[in-house]
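Engineer:
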Ligand SMILES: *[C@@H]1O[C@H](CO)[C@@H](O)[C@H](O)[C@H]1NC(C)=O
Ligand SMILES: *[C@@H]1O[C@H](CO)[C@@H](O)[C@H](O)[C@H]1NC(C)=O
Ligand SMILES: *[C@@H]1O[C@H](CO)[C@@H](O)[C@H](O)[C@H]1NC(C)=O
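In mature numbering (1 follows the signal peptide of the UniProt record, and there is no 0), the protein residues as written are -23 to -1, 1 to 242.
#1: Can you grab the Cα-Cα spacing for the pair residue 144 / residue 150, in whole Å?
#2: Hey, could you find the ends of the beta strand (DSSP E) residue 4 is sitting in?
#3: Apart from the five residues on each side of it in sequence, which residues of its chain come closer than 8 Å, Cβ to Cβ, to residue 65?
#4: Tell me the DSSP secondary structure of residue 193 in three-state form.
#5: Just the residues with CB closer than 6 Å to a heavy atom of ligand 2, in chain order, which are they?
#6: Where does residue 53 sit, in a helix, a strand or coil, going by DSSP?
#7: For residue 37, which residues does DSSP report across the bridge?
#8: Assuming residue 246 contacts residue 77 under a Cβ cut-off of 8 Å, what Cβ separation, rounded to an integer in Å, is found between them?
#9: Start and end of the beta strand (DSSP E) containing residue 103?
#10: Of all the options 31, 38, 120, which has the alpha carbon lying nearest to the alpha carbon of residue 163?
#11: Hey, would you say the C-beta of residue 69 is under 7 Å away from at least one heavy atom of ligand 1?
#12: Residue 4 and residue 90: beta carbons closer than 8 Å?
#13: Is the closest heavy atom of ligand 1 to the C-beta of residue 327 under 7 Å?
#14: Taking the beta strand (DSSP E) that residue 130 belongs to, which residues open and close that run?
#15: Whose C-alpha, out of 104, 189, 160, is nearest the C-alpha of residue 243?
#16: Quick one: does the C-beta of residue 65 sit closer than 7 Å to a heavy atom of ligand 4?
#17: Can you tell me which of the three DSSP states residue 161 falls into?
#18: Where DSSP assigns a beta bridge to residue 243, which residues make up the other side?
#19: Once you ignore the five residues that flank residue 206 on each side, which residues in its own chain have a CB closer than 8 Å to its CB?
#20: For residue 109, does the count of other Cβ atoms within 10 angstroms reach 16, so buried, or fall short, so exposed?
#21: Please name the residue or residues paired with residue 290 in a DSSP beta bridge.
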């Protein structure tokens, strides 16, 4: 009897806390790149933890309908993403090998205060055909953060504090070098323009996301300039020519030696 009383009071306090003190959901922001495994926390669990009463819903970018991904502690089999989803013992949800399909808001329903995770994906797209990656040609790379609000949309709440930037292999900002040109479509959508040089052979162009000055994630584009391949095939050509000349000279000398010996006899 005492125990029941206790639980009732606890529930009352929790109800008060969820509606009064914490009017908002507790939000988490996650920034990832293609192929990452992402673990989203389910906060405010009632102890002892029992995930059988936990649900997870996903609201995709641009969609009005939330999709139930987990109900009563089980990943729903009718979800086509089921094999990439795992519910952990602490009721957090792991999405394996994330794709752009996974971007959006995830809400963990505990019966207590729900927790909300904003899952965003950082991408680089190159508008330069691979065959045009050679010295004196322009390279145009666009770095975009796909947020639950849409591509390059990071104007709300927490998302204000983040920014994107292009850096070199030593993590130095490219912004300060006059060779590079930037187009800022928004804080979360920036384009790098550069005329390629011979020194750019085998180079990484990195776009990094910082949150209040701390690097949260980064993605890179690898430029392999076709100039290098041409040089390689040139080298191959000379090797072949060298071998042919060597064999020819060898044959001529051998023939001469044999001929000289025969005429001496
Ligand atoms: C939940 O467990 C996973 C691993 O199973 C761990 O990575 C994650 O940090 C845990 N989350 C919390 C909120 O404790
Ligand atoms: C991740 O997903 C991509 C397709 O989106 C697939 O090609 C790749 O094999 C997957 N990787 C793993 C480790 O499952
Ligand atoms: C970037 O390069 C493209 C292709 O050469 C060019 O059309 C565009 O004007 C350039 N933009 C900037 C900002 O330099």
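C-beta: ideal position from N, C-alpha, C; glycine also.
Structural biologist: On the basis of the coordinates in this document:
#1: 5 Å
#2: 3 to 10
#3: 16, 71
#4: strand
#5: 12, 74, 76
#6: coil
#7: 81
#8: The chain is shown from -23 up to 242; residue 246 falls before or after that span and cannot be answered.
#9: 92 to 103
#10: 120
#11: yes
#12: no
#13: Residue coverage of the chain in this structure runs from -23 to 242, which leaves residue 327 outside it and unanswerable.
#14: From DSSP, residue 130 is part of no beta strand (DSSP E); its letter is neither H nor E.
#15: Because the chain in this structure spans residues -23 to 242, residue 243 falls outside the shown range and cannot be described.
#16: Within the structure as shown, ligand 4 is missing, the only ligands being ligand 1, ligand 2 and ligand 3.
#17: strand
#18: The requested residue 243 does not occur in the structure, where the chain is confined to residues -23 to 242.
#19: Its pLDDT being 47, under 50, residue 206 is placed unreliably by the model, and nothing is read from it.
#20: exposed
#21: Only positions -23 to 242 of the chain appear in this structure, which leaves residue 290 out of reach.
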